Amino acid sequence: MIQVENLRKEFGSKVAVNGVSFSVEKGQVLGFLGPNGAGKSTTMRMVTGYFRPTSGKITVGGVDMLENPEVAKRSIGYLPENAPLYSDMTVSSFLDFCAELRGLRGVEKSKAVDRAIEMCFLQGVRYQSVDTLSKGYKHRTCLAQSIIHDPEVLILDEPTDGLDPNQKHEVRGMIKRMGENKVIIFSTHILEEVEAACSRAIIIDRGKVVADGTPDELKQRAGGAVRVSVHGVASGEVKEALSAVSGVERVEVTAGGDQSFAGRAFAAKGRRPADISREIAKLITAKQWMLEDLHPEEGKLDEVFRAITRTEG
Amino acid sequence: MISKSDYENIKTVFKREFFAYFNSPVAYVIVVIFLLATMSFAFFFGGFLRTNNASLTQPFFFWHPWIYVVLAPAVGMRLWSEEQRLGTLELLLTMPISPWHAIVGKYFAAALVWAIALFLTCPIVFTVFYLGNPDSGPIISGYLASYLYAIAALAVTSAVSAFTRSQVVCFIVSVAVCLMMTLIGFPPVIEAILKSLPSGMDFVVKGVAYTSFMDHFYEMTKGVIYPRDVIYFLSVVAVSLLITNEAIRAKRA
């Protein structure tokens, strides 16, 4: 549905986006991750046809964005960063305006506006001036604008920025629901959001794609660990024994002494922490150590994120 | 050449922009100030009644360029500066329309505000017809000249506003440009320059004066509509809108 090849954007001598390529198919929700200033917004602005790339190719539904922007833009709904709105309009007149720019007229237009208002829970502020709305409502008004023509592709730049926890939850739910029969690309720097809503995630750092996969795949990059805590044995002995268990890459001691051990056994690449904890349980039973704690820890996305965006590039 | 969708898109942008002028106090304030200014200039400085002459050229139209120098930028400064400040430029330009639809639609909205302002000066026309027996030719050509002057100044402001997100900067720069375009054709200024330069330079001064708004404006208020003067103002509009387009494109490049 969307194909982006070797996208590059320079502002003067500064390279903001440096060779980004990806493609997204219908039914996928793609999360765009990256530190501030990594090039997320710039990439989205190029895909939506706002910025002209220095080089590269963008096709949306088979239409080239650079050669035929007016057609390519039709299938895209876009929520720009900070949700800009015309402050002198009411919610409904703003949505009417956007619907008209999308080529909707008459009954079709009023149906589309009603539907968008309903989907974004704007019924209560329908005839209110945009100026007087709270940040959450402003955000949802702009979101309503992006879905007004029921687009095949939805591009959302930080859709949950500045919302309260309930609204965040609602927006995530909405993204997930709509993602079933659309292409959705959204950027965020909240990692739980990626786990909650994405079927795929791309991490961008300094203008380059540094990771691309499902949230689970990315999590595995961090590898998991097993937290172990035993009593009645010297920590040095435990450490040695744990290191010998198959699948354990290394052992970290968080608290140890002559009579106790607490620490983590990190899983080697490709091994699940759950499998390793089974092995460790066998070891502990065999040695008859007094067990206090044993549980597997899944890899965390923010660890992956930090590891990737700090070291590479 | 202009397809139905071009027309529809321009109309949509035009409608929004036009109502935006009247949803905020901007249009009312400017129309009222324009009417106060034109009328007070006509009665107090132009000697509309004192000269005992049934004509609008000297007392009324003579002052319009000076009023436009200040008021046209006040109307036009929000055109693109405001879009950039609010960030709605991004919204507008990711819609499936051509940037030209937005440029033309917005410009027409501002031009219509001036048409309304100018139309509301009609009581002075009734007054001259009531008091005397004026020649209607110069009145018609005067209105045409005045309107062309206004829309040329608006187009210049549109171009300036595309360069900056600050309305204040846009206003000041636009006033400066319009003032210059007016002064270089203002007879007292030209005479002063002609006197101070050797006579060999006359053609240069006259050439520069010919490119000014004022030169073409005067010709028309005298009652003769030359196509070249109309074409002059329309080319100023066209060039300014082209610059607007280029400035917006440069922002996105």
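Top to bottom, those sequences are chains Y and W. Here our numbering is used: the first sequence runs in plain steps of one and ends on residue 313. Here our numbering is used: the second sequence runs in plain steps of one and ends on residue 1253. Glycine included, each C-beta is placed from N, C-alpha and C at the ideal position. Here the structure is a predicted model, which is why all the values come from computation and not from measurement.
The C-beta distance from V1160(W) to S1146(W) rounds to 21 Å, too long to meet the 8 Å contact threshold. The contact set of S87(Y) on chain W, defined by CB atoms closer than 7 Å, consists of L1086 in chain order. Between the alpha carbons of D1229(W) and M1220(W) lies a distance of about 7 Å.
Straight through space, the alpha carbons of I1116(W) and A1027(W) are spaced by roughly 10 Å. Taking a Cβ-Cβ cut-off of 7 Å, M1214(W) has no neighbours in chain Y, whose nearest Cβ is about 35 Å from it. V304(Y) and I202(Y) have their alpha carbons spaced roughly 12 Å apart. Closer than 9 Å at the C-beta level to chain W, one finds these residues of the stretch 30-49 of chain Y: R45, T48 and G49.
Distances from the alpha-carbon of I1151(W) to those of E1008(W), L1091(W), Y1210(W) and S1240(W) put S1240(W) closest. The continuous alpha helix (DSSP H) containing K138(Y) extends over residues K135 to I147. With a threshold of 8 Å between beta carbons, Y78(Y) makes contact with chain W. Within the stretch 1076-1101 of chain W, contact with chain Y at the beta-carbon level (separation under 7 Å) is assigned to L1086, G1087, T1088, E1090, L1091, L1093, T1094, M1095, P1096, I1097 and S1098. Per the coordinates, the alpha-carbon of S87(Y) lies some 29 Å from the alpha-carbon of V1177(W).
Annotation for I1140(W): the continuous alpha helix (DSSP H) segment containing it runs S1136 to S1161. In this structure, V91(Y) lies away from A72(Y), with their beta-carbon atoms at least 8 Å apart. Under the 8 Å Cβ criterion, the stretch 151-166 of chain Y does not count as touching the stretch 114-131 of chain Y, having fewer than three qualifying pairs. Secondary structure of N18(Y) (DSSP, three-state): strand. Chain order gives the chain Y residues near N1023(W) as D88, where near means a beta carbon separation below 7 Å. Taken in chain order, the complete alpha helix (DSSP H) segments of 4 or more residues contained in the stretch 1080-1124 of chain W are 1088-1093 and 1099-1119.
The DSSP-derived three-state label of T1164(W) is coil. Cβ contact annotation for G247(Y) (same chain, cutoff 8 Å, sequence separation greater than five): A267, A268, R271, D275, I276 and E279, in chain order. Beta-bridge partners assigned by DSSP to G77(Y): L154(Y). Residue environment for C1170(W): buried (at least 16 other C-beta atoms within 10 angstroms of its C-beta). Fewer than three beta-carbon pairs drawn from the stretch 1095-1107 of chain W and the stretch 1116-1127 of chain W are found closer than 8 Å, and the two stretches are therefore not classed as touching. Selection I1097(W), M1001(W) and L1079(W) evaluated against A1109(W) yields L1079(W) as nearest (Cα-Cα).
When only Cα atoms are considered, P1188(W) and A1209(W) end up about 12 Å apart.
Within a 10 Å sphere around the beta-carbon of M1001(W) sit fewer than 16 other beta-carbons, which makes this residue exposed. Taking the Cβ atoms as the reference, I1225(W) lies roughly 13 Å from S1136(W), outside the contact range of under 8 Å.
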